[in-house]
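To keep things clear, I will list the structure first and then write my remarks on it.
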Amino acid sequence: MSCLITGNTYYGFQVVNEEYIRENESNVFTLEHLKSGARLLFVQNQDDNKVFSVSFRTPPEDSTGVFHILEHSVLCGSEKYPVKEPFVELLKGSMQTFLNAFTFGDKTMYPVASRNDQDFSNLVEVYLDSVFKPNIYKQQEIFEQEGWHYELRHTEDELIYKGVVYNEMKGSYSSPTTVLMDRIKKTLYPDTIYRHSSGGDPQEIPALTYEQFLKAHSNYYHPSNSYFYLYGDVNIEEKLQFIDQEYLESYERNSFDTSIPLQQPIGMTELVADYPILEAEAATDKTYLSLNYVIGTSTNRELNLAFDILKSMLMDSNAAPLKQALLESGLGKDAFAFYSDSMVQPLLGITLTHSNASSKDAFVELVKTTLKRLAQDGLDEKLVLAAVNSKEFELREGDFNQYPKGLTYNIEVMKSWLYDGQPTTHMRYEEVLTAIREKLADRYFEKLIEDYLLNSDHCSLVVLNPSKTIAAEKEASTQHQLSEYKASLQPDELGQLVQRTQNLLARQSRPDAAEDLQKLPSLSLQDINRSIEPQVPTHEQTHEGIKVIHHEVATHKIAYCKLYWDTGVIAPERVPYLVLLAEVLGQMGTASYSIEELTSEIGIKTGGIYFRNELFGAAKATGAGYQPKFSALVKVMAGHIGESLDLLREILYTSALDNLTKLQEIVRREASQMESILNQRGNEIAASRLMSYFSDMGAYQEQQGGVTYYRFIRELAETFDQQGAQVADTLKDICGILFNKNNLIISVTGTPDLYEEFANNVARLDIQDRPVVSMPKITAQGHANNEGFMSSSQVQYVVKGYNFTKLGFTYSGKMQVLKKILSLTYLWNAVRVKGGAYGGNLVLRRDGMLMFTSYRDPNLQETLEVYDQAYRFAEGYEADADEMTKAIIGTLSMLDQPLSPSAQGRRADRHYFEQVTEAELQQERDEILSTTPEDIRQYADLLKAVTEQNYFTVVGNASKLKSTKALFGSLEELVK
């Protein structure tokens, strides 16, 4: 029922439009604030996970990253809330389900979400004051801390650049994919804002002045340039009144131009650029080749959705015809495509990785001839239908992982609203999909290929080559600039620089005044539910001799059927092959289908069939250290479960694993992708390696996703010509051992009618019945290797930890409060604020795992020292009742996150395998709620005991690691 009337004015906001969106069952109201010109969209529905955001159109004029630095800085204190880090204070003590900010290429968004009404109001109040009345005008140190500054602690020290965004972007620009996207935009949009790096190029960030920074806020953070968004079961009149009376009524409209012009067609352009690799790294087969096309405008919903589908059709599986042609050519080892529509003129990129510059012309010719053949001969009808069906399934499922639904809709809304289109354009899909389906018979996708790709007048080729010298050259240039600048300073100027450094350090070390902290709105424990949320009902039955667990969840007529095989039956030396098997299944032909036919059948009949390896902790009854599983997930609509199980059986038992040509393609692609993961996820790689030192579960995990697995798959790729048949035989042997009903548990998430449909069809799986023989388990090395892995990154990822249960300590829910306090107070201040890293965290798990981690960190030894001193912080921890309440509430917020139906099923599976009971979950909650400062102080001994084990791993800059070589047991290249 409508709560606002079109044409009426509410607290200065006039309702200009109302429409019903069937796809998300919402009434959507478009409003305008008559005095200030602010725009507001209200998406009204019954979702209790409410979302608010305020966004600004922020087109960059250069690559200094001014809007990225502003995004960080406005959350560092405001007029009403003058504490140093209100954002962090909210993270500490809010029941938020989302709290962050985003810098896009042309906009900045400040979204919050919460299911608690009072908490939601608190978040809205703090964010509004932060964006419109930040303390950046009063405290230059905010700009210096979050953006960049010269650091000189003593006049004789070496002058350095420091800043959170500066170091974040140094880490980002160490990744070839960041450099590639940066160069693609430079070629496609040479005359518009998209040629600039909105996040900031670290070579240009130090050119930004404080005055320019303030001017950017003054010009762009004005209500006339704002886009307000409210979603869910919100008291809208209350929010409109607050926004108007507290902020907007004091502003007049302005006419500052923030328009985003279109790039005129440029024909075909070409750019050759470099990205950094290590000096010891092989440079062959490391080039990225990318053909890129501008595709219409973002306000054209049909064209956008069609190209998203076409991209999937051409490139998203091994059976996709363009990807297949690229992989079979041998010009590169992997290929992918991306369609980016968060800009006024979307782009499609077709990229070949692990290639060579000499293959450039052959790559371009192959793409064009393949597209021409597909356009002329026609796309396979089943391939087209499968791609359209898959996209429709994805849209109807609406599973947005960790994002609240309302936030995902918000991001979609901005794809048209920001460019003066209808705000609801990208919320709708049913009519658009119908229109696309109706045009399929008339060469719909073939015409798109011809019009926008083959006959494009707006495209580019980017060749991104590996360089062993570019990182050193940039570092030398930076050092030269810094040394020249320091040499130009007079003694009194050097003294002033030292004083500015000391002033910043003093501000960072100074605690907030108690009266300022009291100004922040907060919840009390009376606002919090002391009981855990009801758990998903789980029923255990047996069908066809197989144990089946049913999680009763409303899933919008989608069944999630997941088969778990215990991989303890696989010999330890074969464990890495299980990862390869997960990549291979569903990507090879079978007895009844070619790979192309199989891909189409999966797309037409299911929402996807997925294979992966998973690890669960110990089951208390058995005392087993960990439970490794190989899983197969089938997502399927009601009425089609039987067909989907037929397809799964076909894949499990008749996949053409001895197709060595296809198998080699997959092995090469997997090696290529693992190399990219190593370069982009240094913190995960370091953590995996660290856990393998002392954790049996960690040792298993390292075999399946860390440096160990990378070296395994790289060796397979290098020796496949000689060993290919043996690899195929090994995979076949594993399938014969693994896919056995005596080794299997099936999980079904869905309503009772879906479970009944599954039970009636489970026999169609016809799982083999053989005896099970368990193999020895992989175990940890049991000693600290303390390895350093050198990469081309300009920053470090520093990880240190141990398992506290091995030291005699027992897990308690109170430890989760310790984790929250250490992460958001001690580590945030020491590693991020003072150290300049992008992030620092404490990881603490029920199984005893405790790890300190840093992310995009300019430091190394200093960070290890911060970890070692954590026990002293705990030892001296003091907190009043309000501070302790905040820590408890912030901890509970992580336990009370809303979950999608599929995520509810995954959590229920974990609880089933690890035998976590409702009583234990309630006990954990009770322990959290009863945590005191004394409890935190008592954990000082635990923290000291863990760090004294001295287990650590570092991934980072080669020069930095070499300069601290004495710290490490061994030092080697991450990628060779």
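Under our numbering, the sequence shown has 879 at position 890, and the numbering climbs by one with no breaks. Idealized CB from N, CA, C, for every residue including glycine.
Just the C-alpha distance for residue i and residue j, rounded to the nearest angstrom, thanks.
i	j	result
isoleucine 591	lysine 951	50 Å
glutamine 411	alanine 430	30 Å
aspartate 388	valine 32	18 Å
methionine -10	asparagine 13	With a pLDDT of 48 at methionine -10, under the threshold of 50, the modelled position of that residue is not reliable, and the figure given next carries that caveat. Each residue's Cα considered, the two are about 15 Å apart.
valine 77	valine 63	12 Å
serine 239	aspartate 118	13 Å
methionine 302	lysine 174	24 Å
alanine 897	valine 542	11 Å
serine 948	phenylalanine 793	33 Å
phenylalanine 902	alanine 608	6 Å
isoleucine 559	tyrosine 827	40 Å
lysine 517	glutamine 230	Residue identity check: residue 517 is isoleucine in the sequence provided, not lysine. Each residue's alpha carbon lies about 27 Å from the other.
alanine 571	isoleucine 425	33 Å
threonine 273	methionine 840	37 Å
tyrosine 433	valine 356	20 Å
glutamine 886	threonine 86	6 Å
phenylalanine 778	lysine 463	21 Å
leucine 450	leucine 443	14 Å
leucine 963	phenylalanine 382	40 Å
Measure from the alpha carbon of residue i to the alpha carbon of each residue in the options, then state which is nearest.
i	options	result
leucine 278	Phe217, Met170, Met416, Ala309	Met170
asparagine 648	Ala465, Asn34, Lys721	Lys721
valine 283	Gln253, Arg638, Val63, Val261	Gln253
leucine 807	Ile917, Ala752, Gln192	Ile917
asparagine 214	Gln515, His22, Tyr139, Tyr162	His22
glutamate 227	Gly94, Leu407, Gln107, Pro523	Gln107
asparagine 399	Asp755, Tyr9, Tyr99, Ala929	Tyr99
phenylalanine 701	Gln365, Tyr566, Pro760, His772	Tyr566
glutamine 470	Ile726, Tyr860, Tyr139	Tyr139
phenylalanine 121	Ile232, Tyr162, Glu961	Ile232
aspartate 505	Ile125, Gln785, Lys73	Lys73
tyrosine 786	Phe709, Glu7, Ala571, Phe941	Phe941
alanine 769	Ser67, Val377, Tyr615, Ser379	Tyr615
phenylalanine 325	Ala196, Leu336, Asp305	Asp305
threonine 92	Val115, Gly54, Lys546	Gly54
aspartate 658	Gly321, Leu267, Met804	Residue identity differs from the one stated: residue 658 is arginine in this sequence, not aspartate. Nearest option by C-alpha distance: Gly321.
glycine 189	Asp758, Ser52, Tyr474	Ser52
proline 455	Lys536, Ala196, Tyr264	Tyr264
leucine 796	Tyr860, Glu7, Thr358, Leu932	Leu932
With DSSP collapsed to three states, give me the class of residue i.
i	result
alanine 608	coil
leucine -7	coil
glutamate 427	helix
leucine 59	helix
tryptophan 554	strand
asparagine 672	helix
glutamine 253	coil
proline 565	helix
Flag residue i as yes if its beta-carbon sits less than 8 Å from any beta-carbon of chain B, otherwise no.
i	result
threonine 740	Included in the structure is just one protein chain, with no chain B present.
Cβ of residue i within 8 Å of Cβ of residue j?
i	j	result
leucine -7	glycine 879	no
tyrosine 549	leucine 604	no
arginine 46	lysine 96	yes
valine 333	isoleucine 249	yes
leucine 637	isoleucine 598	yes
isoleucine 132	phenylalanine 202	In the sequence under discussion, the amino acid at residue 132 is phenylalanine, which differs from the isoleucine named in the question. Contact: yes.
valine 4	histidine 61	no
Any heavy atom of the ligand FAD within a distance shorter than 7 Å of the CB on residue i?
i	result
glutamate 529	The model depicted lacks the ligand FAD and carries no ligand whatsoever.
key: Minimum length 3: unbroken beta strand (DSSP E) runs contained in the segment 871 to 947   = 941 to 946
request  = With a floor of 4 residues, list each alpha helix (DSSP H) that falls wholly inside the segment 267 to 304, ordered by position along the chain.
outcome  = 290 to 304
task = Could I get the ranges of all uninterrupted beta strand (DSSP E) runs contained in the segment 83 to 131, with 3 residues as the minimum, in chain order?
result = 85 to 88, 96 to 103
request  = Could you pull out every unbroken alpha helix (DSSP H) segment of at least 4 residues lying fully inside the segment 144 to 196, listed in chain order?
outcome  = 153 to 161, 165 to 177
task = Write down every uninterrupted run of the beta strand (DSSP E) in the segment 785 to 843 whose length is 3 residues or greater and which is fully enclosed by it, in chain order.
result = 786 to 792, 828 to 833
request  = Output the residue ranges of the beta strand (DSSP E) runs that lie fully inside the segment 385 to 431 and measure 3 residues or longer, sorted by chain position.
outcome  = none
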